[in-house]
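Chemist: Encoded as structure tokens, here's the structure I'll be asking about.
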Amino acid sequence: MSASRLQTSQGRWYSLFMLQTRRLLAFSSRVHTYTLLLYLFFFLVYLLGSFFSVTEEFVGLLQFFLYLISWTNLLFGVWILVFSCIVWAGDRVFPLSSVLLTIARMLCILALGFVVALLETLFEKGLVVS
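Per our numbering: the sequence shown = residues 191 to 320.
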């Protein structure tokens with residue numbers, strides 16, 4: 191019997207689909223980690239900019255990239271969480287590690303964003319002790 195005449199069962203197709211969605215979820219998680227690393231790079235450049243003489247345009251460009259990457263990371267994290275729920279509904283196995291790591295990466299971005307906002311306020315308005 192040739193391979194073209196073999197019939198695949200419905201369960202096999204279903205498990206192949208779930209395998210592909212889990213692979214997509216793992217790949218999306220990896221991309222989310224890379225956006226976090228990109229944010230950390232721009233965050234370190236922003237911090238090092240306070241030790242060296244840089245122009246206002248450079249600082250403005252760094253702030254723009256920090257805002258852009260942070261919002262991209264947060265929205266992509268929400269997409270991963272929604273996709274995790276879709277995988278859970280279809281596969282009946284909750285992807286706990288993907289969800290927990292996505293939430294941890296999102297909290298890391300929020301914490302670093304808070305530090306950037308704090309430093310931005312400190313650099314622009316100074317520190318007042320009364």
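Don't be surprised by glycine CBs; every beta carbon is placed ideally from N, CA and C. Computed from a prediction, not measured in an experiment: that's the story for all the values here.
Do the segment 269 to 281 and the segment 210 to 230 meet, that is, are 3 or more Cβ pairs less than 8 Å apart?
Modeler: yes
Chemist: Work out the CA separation of L256 and L317 for me, nearest whole Å.
Modeler: Locating residue 317 in the sequence shown gives position 127, where the first residue counts as 1. Locating residue 256 in the sequence shown gives position 66, where the first residue counts as 1. The alpha-carbon atoms of L317 and L256 are separated by roughly 23 Å.
Chemist: Under a Cβ-count criterion, where at least 16 other Cβ atoms within 10 Å of its own Cβ denotes burial, should F231 be classed as buried or exposed?
Modeler: Translated into the one-based positions of the sequence shown, residue 231 becomes position 41. With fewer than 16 neighbouring CB atoms inside 10 Å of its own CB, F231 falls in the exposed class.
Chemist: Do you know how far the Cα of S240 is from the Cα of F313?
Modeler: By one-based count along the sequence shown, residue 313 stands at place 123. By one-based count along the sequence shown, residue 240 stands at place 50. Those two C-alpha atoms are separated by around 9 Å.
Chemist: Have a look at G303 and M296 and give me their C-alpha separation to the nearest angstrom.
Modeler: Residue mapping note: residue 303 aligns to position 113 of the sequence shown, counting from 1. Residue mapping note: residue 296 aligns to position 106 of the sequence shown, counting from 1. Cα-Cα distance, rounded: 10 Å.
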